Amino acid sequence: MNHVRADPPATAAGGVLSRSAFRATFENVRLAIENAMLTLEPLNLREEEKSSVEIALAEALNNVVEHAYPDGTPGDVKLVLRHGRAGLLIEIRDNGRPMPNGRTPDGNHPTDSEPHNDLPEGGFGWFLIRELARDLVYDRENGENFLIFRLAVGRKKTPVRPNLPT
C-alpha cells in the first residue's frame, strides 16, 4: 500500500510548513513530492524555483530509497519542510544504511566533452543537489541519517527602512 502521511501545513508565517512520513518506495517518493509542492503553493514560487525544489527533493528522496534501503529493504522516511527568511529548509531522516564514509558524495559533473555513451552511471543527482542547495549537512546519530539543506527559494523580503533624520 502506498501511503504518505502529512500533517496539515502551519498557519503561522514561517516555521514548519509540513511534516510527512512514508515507507521508502519510489511511488511514495512521488506522492511525497506532489504533497510538498501543494504545500508550497501559498509561497507563490516562480517556475524556476518550483523546478529546483522538485529536482532536489526527487534526487535526495530517491537516493534514500535506492541506497539507504537497497533491494526493497523496508524502512521509513521523514520529510520536514520549513520556510523562513533565507528560503526553504528541507530535512530528510531515515534509519537506513549510512552514507559511504559518513558524508554525502561529491557527485559527478556531466561534461560536454564526454560522449553520452561513455558517461558513468549515477552520481549526477548529488551534483544537482549540491548545485541547487545551500548549507548542506549530513549526520548520523543513533542509527538515524539526517540530511538537511536549504534552497534559496521563496525568500522573504525584509522591508527596507529609510534612514530618516532624527
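To convert, count from 1 in the sequence shown and add 120; that's our numbering.
Don't be surprised by glycine CBs; every beta carbon is placed ideally from N, CA and C.
Being a predicted model, the structure only gives us computed values, none of them experimental.
DSSP bridge partner residues for residue 261 (one or two, in chain order): 264
Taking the alpha carbon of residue 146 as the reference point, which residue from 137, 164, 172 and 190 has its own alpha carbon closest? 190
In three-state DSSP terms, what is residue 204? strand
In this structure, how does DSSP classify residue 185 when only helix, strand and coil are distinguished? helix
Report yes or no: do the stretch 171 to 181 and the stretch 258 to 271 share at least 3 C-beta pairs separated by less than 8 Å? yes
By Cβ distance below 6 Å, which residues in the same chain neighbour residue 266 in space, the five residues on each side in sequence not counted? 213 and 259
Drop a sphere of 10 angstroms on the beta-carbon of residue 160, count the other beta-carbons inside from all chains shown, and report buried for 16 or more, exposed for fewer. buried
In whole angstroms, what separates the C-alpha of residue 192 from that of residue 186? 8 Å
Have a look at residue 203 and residue 152 and give me their C-alpha separation to the nearest angstrom. So the alpha carbons of these two residues sit roughly 17 Å apart.
Helix, strand or coil for residue 273? Go by DSSP, reduced to three states. coil
From residue 232 to residue 179, what does the alpha carbon distance come to, in whole angstroms? Residue confidence for residue 232 is low, a pLDDT of 46 falling below 50, so the modelled location carries little weight; the figure read from the coordinates is stated next. Distance between the alpha carbons of residue 232 and residue 179 is about 22 Å.
DSSP three-state call for residue 137: helix, strand or coil? Note: residue 137 maps to strand in three-state DSSP.
Flag this pair as yes or no: are the beta carbons of residue 245 and residue 183 separated by less than 8 Å? yes
With a cut-off of 8 Å on the beta carbons, I'd call residue 215 and residue 195 a contact; round off their distance for me. 6 Å
In this structure, does DSSP put residue 214 in helix, strand or coil? Residue state, collapsed to three classes: strand.
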